[in-house]
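A.B. asks: The structure follows.
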Amino acid sequence: MVSSWIAPLLRAVPAIALAVVVTFSADHSATLGLVTFGAFAAASGAVIVVFALRQEAGLARNLQLVQGALGVVAGAAALAVTGGGLSYLVFLVSTWAVATGFIELYLGLRARRSTSADTKAISRDLIFAGALTVVLAIIVLVLPPDFSQPFTGPDGVARDLTASVIIVGLLGAYWAVLGVFLVIAALSLKWADAPTPAETKA
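Okay, so the sequence shown: first residue is 0 according to this note's numbering, each after it adds one.
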């Protein structure tokens, strides 16, 4: 199916773009975290909703719609209150990550029972993405919000490693890993869907 590889590719675009933004930004404040998270959650959620609507009616389609809707709502909530601070960022990221991560994990485990090779390949992608998102939620939740560790950078300037810096950096790392994985998954599905020389000749 065309949509089987286009969907992960479209989800990868905002993830990679925002990973680059976070990597090259000196500002790792909660405001940057809310803006970048909001953009990713809304864009990714919209992609999931659009492609879920093209699937056959059933439990999997309904769960994908819920997953996508949660992303759009979380993204809109983050972008609407970009000055909400660290606690608001932690709340949105952890809530979104727990809910959507477990939905994606369940969909992946459920798809493993299929006899279709394409569906089994998609199930592996869903399981990895879901597990990665749940891990993100766990780390964000266990990190003390008042964490602060003074350190001296390579330039000799004294700085503070705060919870905000860690969480925003963690989001950047999450998007980098997820984005690269989704690109690989999309290309693998595209090549799997491509007709073989024998099929083309026939």
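Just so it is clear, CB atoms sit at the ideal spot from N, CA and C, and this is done for glycine as well.
Is DSSP giving Phe146 helix, strand or coil here?
C.D. replies: Walking along the sequence shown from the start, residue 146 turns up at place 147. Coil at Phe146, not helix or strand.
A.B. asks: Kindly give me the distance between the Cβ atoms of Phe39 and Leu64, rounded to whole angstroms, as I take these residues to be in contact under 8 Å.
C.D. replies: Walking along the sequence shown from the start, residue 39 turns up at place 40. Walking along the sequence shown from the start, residue 64 turns up at place 65. About 19 Å; that fails the 8 Å criterion.
A.B. asks: Assuming Ser187 contacts Ala120 (C-beta within less than 8 Å), just tell me the rounded distance between them.
C.D. replies: Residue numbering aside, residue 187 sits at position 188 when the sequence shown is read from its first letter. Residue numbering aside, residue 120 sits at position 121 when the sequence shown is read from its first letter. With a Cβ gap of about 7 Å, Ser187 and Ala120 count as contacting.
A.B. asks: Using alpha carbons as the reference points, say which of Ala42, Val167, Val19, Thr81 lies closest to Ala68.
C.D. replies: Locating residue 68 in the sequence shown gives position 69, counting from the first residue. Closest by alpha carbon: Ala42.
A.B. asks: Pick helix, strand or coil for Asp124, following the three-state DSSP scheme.
C.D. replies: The residue you call residue 124 lines up with position 125 of the sequence shown. Helix.
A.B. asks: Return yes when the Cβ of Val80 is within less than 8 Å of the Cβ of Tyr87, no when it is not.
C.D. replies: Taking the first residue of the sequence shown as position 1, residue 87 is located at position 88. Taking the first residue of the sequence shown as position 1, residue 80 is located at position 81. In contact: Tyr87 and Val80 (Cβ atoms closer than 8 Å).
A.B. asks: Applying the criterion that 16 or more other CB atoms from any shown protein chain within 10 Å of the CB defines a buried residue, is Gly44 buried or exposed?
C.D. replies: The residue you call residue 44 lines up with position 45 of the sequence shown. By the neighbour-count rule (16 or more Cβ atoms within 10 Å), Gly44 is buried.
A.B. asks: Of all the beta strand (DSSP E) runs that stay within the bounds of the stretch 17–81, which reach a length of 3 or more residues?
C.D. replies: Runs found: none.
A.B. asks: Leu106 and Leu170: beta carbons closer than 8 Å?
C.D. replies: For this step, residue 106 is matched to residue 107 along the sequence shown. For this step, residue 170 is matched to residue 171 along the sequence shown. No.
A.B. asks: So, does the stretch 20–35 touch the stretch 46–54, judging by three or more C-beta pairs under 8 Å?
C.D. replies: no
A.B. asks: Measuring straight from C-alpha to C-alpha, what distance separates Leu104 and Gly129?
C.D. replies: Indexing the sequence shown from 1 puts residue 104 at position 105. Indexing the sequence shown from 1 puts residue 129 at position 130. Going from the Cα of Leu104 to the Cα of Gly129 covers about 5 Å.
A.B. asks: Under the rule that 16 or more other beta-carbon atoms within 10 Å means buried, what is Gly57, buried or exposed?
C.D. replies: Reading the sequence shown from its first residue, position 58 is the one you call residue 57. That one is exposed.
A.B. asks: At which residues does the alpha helix (DSSP H) containing Arg111 begin and terminate?
C.D. replies: For the purposes of this step, residue 111 is identified with residue 112 of the sequence shown, where counting begins at 1. Here Arg111 belongs to no alpha helix (DSSP H), and DSSP marks it neither H nor E.
A.B. asks: Are the CB atoms of Ala11 and Val182 within a distance shorter than 8 Å?
C.D. replies: For this step, residue 182 is matched to residue 183 along the sequence shown. For this step, residue 11 is matched to residue 12 along the sequence shown. Yes. Within cutoff.
A.B. asks: Drop a sphere of 10 angstroms on the beta-carbon of Phe36, count the other beta-carbons inside from all chains shown, and report buried for 16 or more, exposed for fewer.
C.D. replies: In the sequence shown, counting from the first residue as 1, residue 36 sits at position 37. Counting of Cβ neighbours within 10 angstroms places Phe36 among the buried residues, the total reaching 16 or more.
A.B. asks: Confirm, please, whether the CB-CB distance from Leu85 to Pro143 is below 8 Å.
C.D. replies: As a first step, residue 143 is located in the sequence shown; it is residue number 144 there, counting from the start. As a first step, residue 85 is located in the sequence shown; it is residue number 86 there, counting from the start. No, Cβ-Cβ distance for Pro143 and Leu85 is not below 8 Å.
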